[in-house]
Amino acid sequence: MSQSLAKECNELKERYDTCFLKWYSEKYLRGINASDNNECAGLFKEYSKCLHTALKERGIDKLLDEAREDFKENDATLLGKKKCKWESESPHLILTTHT
Amino acid sequence: MVLTHTTNHTYNHPFPTVTLAFFLRYCSPQLNPFASHVLSTDTISTHIDPETGRLHTTRIHQKKTRLPPAVMKLLPSTLTGGTTDKSSYILETSVVDMREGWMTTESRNLNFVGVLSVVERQTYAIPKTKTLDNTEVETKVVFRSRLGERIRDRLGTHQHNQAQAAAAIAPVQQEGGWFARLGARGIQRSIESLASTKTQDQLGKSREGMRIILERLRQSGIIGVLELRKLARERAMEAAS
Numbered sequence: 108m109s110q111s112l113a114k115e116c117n118e119l120k121e122r123y124d125t126c127f128l129k130w131y132s133e134k135y136l137r138g139i140n141a142s143d144n145n146e147c148a149g150l151f152k153e154y155s156k157c158l159h160t161a162l163k164e165r166g167i168d169k170l171l172d173e174a175r176e177d178f179k180e181n182d183a184t185l186l187g188k189k190k191c192k193w194e195s196e197s198p199h200l201i202l203t204t205h206t
Numbered sequence: 128m129v130l131t132h133t134t135n136h137t138y139n140h141p142f143p144t145v146t147l148a149f150f151l152r153y154c155s156p157q158l159n160p161f162a163s164h165v166l167s168t169d170t171i172s173t174h175i176d177p178e179t180g181r182l183h184t185t186r187i188h189q190k191k192t193r194l195p196p197a198v199m200k201l202l203p204s205t206l207t208g209g210t211t212d213k214s215s216y217i218l219e220t221s222v223v224d225m226r227e228g229w230m231t232t233e234s235r236n237l238n239f240v241g242v243l244s245v246v247e248r249q250t251y252a253i254p255k256t257k258t259l260d261n262t263e264v265e266t267k268v269v270f271r272s273r274l275g276e277r278i279r280d281r282l283g284t285h286q287h288n289q290a291q292a293a294a295a296i297a298p299v300q301q302e303g304g305w306f307a308r309l310g311a312r313g314i315q316r317s318i319e320s321l322a323s324t325k326t327q328d329q330l331g332k333s334r335e336g337m338r339i340i341l342e343r344l345r346q347s348g349i350i351g352v353l354e355l356r357k358l359a360r361e362r363a364m365e366a367a368s
């Protein structure tokens, strides 16, 4: 993958990405152990820790929070009708993040 | 004010490969020359829903351009910061269901949402005809400019912030009088249509990028692509040191 937004996380990101792509192509896409991606969980945890510190330092965490607020506002008002249609087409699109 | 643009496309590649290409599409400019504007890609969260087996992923991409230059020219420097060279962030959420054979993705800009919000939603699926060698994708982009609205909202709702909001809107109104000349609605419409034209152009490039990744996957498989990616990374590190 390309670089991480934080240089200090590049190494951890690279290790996680490689694990993820291997798992995704060799297992998930083939339906092997497709109900969990735990084998990269340890690497993700380390990378995630580094990334979240970087997001905070750069104020991007606030940008994410604002965006989430804005989604709600946007979707509730002007996009209301379209959003409903979209949701009925693909009810599984989730905007919240799980950390 | 909202502008919507929908396109359909068929890739001559099987659905699993297309979803892999989606995750790989910004991997490196060596693999995808159309990704040179992407500065970084990070995974914020990832999990599998144990009941459905669906993979949920949230990523954040950093891109070179903030807004189309034509849009930047319409805006006063008080809103844009006066420069065009900084980067902006895109939030991407995706859900893959390998059992049912579909993937939905959504990308939104995180910067300048008040000036222009661009939401791109894609649905990838195995064709209804069950042609397993092909993958259909519908892309829907919604453009919305709320320029001026947010400042007015803030004026209305937060009394204690009134002085601050008035200070923010004052230079906007003074600078060249553009706000008065065209009116907020006119500006919003111009921004939406300019961005829409630019995005249609970019959609072509993003499709081209996907096609290149897909061809690489066809030629050398995932292992080959991972090798290429590793080599490209090592070369980049050598160049940097």
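Here the protein sequences line up with chains A and B, keeping their order. Take the first sequence: its letter number 85 is residue 192 in my numbering, and every next letter is one higher. Take the second sequence: its letter number 123 is residue 250 in my numbering, and every next letter is one higher. Cβ coordinates follow ideal geometry from the N, Cα and C atoms, glycine included.
Asked: Tell me whether aspartate 168 of chain A sits in a helix, a strand or coil according to DSSP, three-state version.; Found: helix
Asked: Against lysine 120 of chain A, what residues of chain B qualify as contacts under a CB-to-CB distance less than 7 Å, listed in chain order?; Found: Asp169
Asked: Against chain B, which members of the segment 134-154 of chain A pass a CB distance test of less than 7 Å?; Found: Tyr135, Leu136, Gly138, Ala141, Ser142, Asp143, Asn144 and Phe151
Asked: Given a cut-off of 7 Å on the beta-carbon distance, is the pair histidine 183 of chain B and isoleucine 217 of chain B in contact?; Found: no
Asked: Output the distance between the C-alpha atoms of serine 142 of chain A and serine 155 of chain A, rounded to the nearest integer angstrom.; Found: 21 Å
Asked: Reducing DSSP to helix, strand and coil, say where histidine 140 of chain B ends up.; Found: coil
Asked: Can you pull out the residues from the segment 231-246 of chain B whose beta carbon lies closer than 9 Å to at least one beta carbon of chain A?; Found: Thr231, Thr232, Glu233, Arg235, Asn236, Leu237, Asn238, Val240, Gly241, Ser244 and Val246
Asked: Just curious, the beta strand (DSSP E) that aspartate 169 of chain B is in, first and last residue?; Found: 165-175
Asked: Between methionine 230 of chain B and the rest of its own chain, which residues show a CB-CB distance below 6 Å, the 5 nearest in sequence each way excluded?; Found: Thr146, Val223 and Tyr251
Asked: Span of the beta strand (DSSP E) holding threonine 258 of chain B?; Found: Looking at the DSSP string, threonine 258 of chain B is not in any beta strand (DSSP E), and its letter there is neither H nor E.
Asked: Which term fits isoleucine 167 of chain A, buried or exposed, when burial requires 16 or more other beta carbons within 10 angstroms of its beta carbon?; Found: buried
Asked: Spell out a yes or no on whether the segment 148-162 of chain B and the segment 266-274 of chain B are touching, meaning 3 or more CB-CB pairs, one atom from each, closer than 8 Å.; Found: no
Asked: Distance check for leucine 112 of chain A and serine 215 of chain B, CA to CA, integer angstroms please.; Found: 11 Å
Asked: Would you mind reading off the limits of the alpha helix (DSSP H) that contains lysine 129 of chain A?; Found: 117-133
Asked: Under 7 Å Cβ to Cβ from leucine 185 of chain A, same chain only, skipping five residues before and after it: list those, please.; Found: With a pLDDT of only 46 at leucine 185 of chain A, under the threshold of 50, the placement of this residue in the model should not be trusted; the figure read from the coordinates follows. Excluding positions up to five away in sequence, the list is empty.
Asked: Assuming contact is defined by CB atoms lying nearer than 7 Å, are glutamate 319 of chain B and leucine 130 of chain B in contact in what I supplied?; Found: yes
Asked: Buried or exposed for leucine 128 of chain A, going by 16 or more other Cβ atoms inside 10 Å?; Found: buried
Asked: When the cut-off is 7 Å and only beta carbons count, does leucine 158 of chain B lie next to chain A?; Found: no
Asked: Using a C-beta cutoff of 7 Å, does valine 437 of chain B count as contacting chain A?; Found: The structure shown does not extend to residue 437 of chain B, since chain B is modelled only from 128 through 368, so no value can be given for it.
Asked: Please identify the residue among B/Gly180, B/His174, B/Ala359 and B/Thr168 whose C-alpha is closest to the C-alpha of leucine 162 of chain A.; Found: B/Thr168
Asked: Sorted by chain position, which residues of the same chain lie with C-beta nearer than 7 Å to arginine 186 of chain B's C-beta, five sequence neighbours on each side aside?; Found: Thr168, Asp169, Thr170, Ile171 and Glu219
Asked: Just curious, the beta strand (DSSP E) that tyrosine 251 of chain B is in, first and last residue?; Found: 244-252
Asked: Following the continuous beta strand (DSSP E) through threonine 220 of chain B, name the residue where it begins and the one where it ends.; Found: 215-224
Asked: Is any beta-carbon of chain A found at less than 7 Å from that of valine 165 of chain B?; Found: yes
Asked: Which residues in chain A have a C-beta closer than 8 Å to the C-beta of leucine 218 of chain B? List them in chain order.; Found: Leu171 and Ala174
Asked: Figure out for me which residue from B/Val242, B/Pro143, B/Val246 and B/Arg360 has the closest Cα to the Cα of arginine 137 of chain A.; Found: B/Pro143
Asked: Pull up the CB-CB distance for leucine 150 of chain A and cysteine 126 of chain A, whole angstroms please, since I reckon it's below 8 Å.; Found: 5 Å
Asked: Along chain B, which residues have their Cβ under 9 Å away from the Cβ of threonine 125 of chain A?; Found: Leu353, Arg356 and Lys357
Asked: Since I believe threonine 232 of chain B is in contact with serine 244 of chain B (beta carbons under 8 Å), could you give me their beta-carbon distance rounded to a whole number of angstroms?; Found: Rounded, the Cβ-Cβ distance is 17 Å, inconsistent with contact.
Asked: For alanine 366 of chain B, is the classification buried or exposed, using 16 other Cβ atoms within 10 angstroms of its Cβ as the cut-off for buried?; Found: exposed
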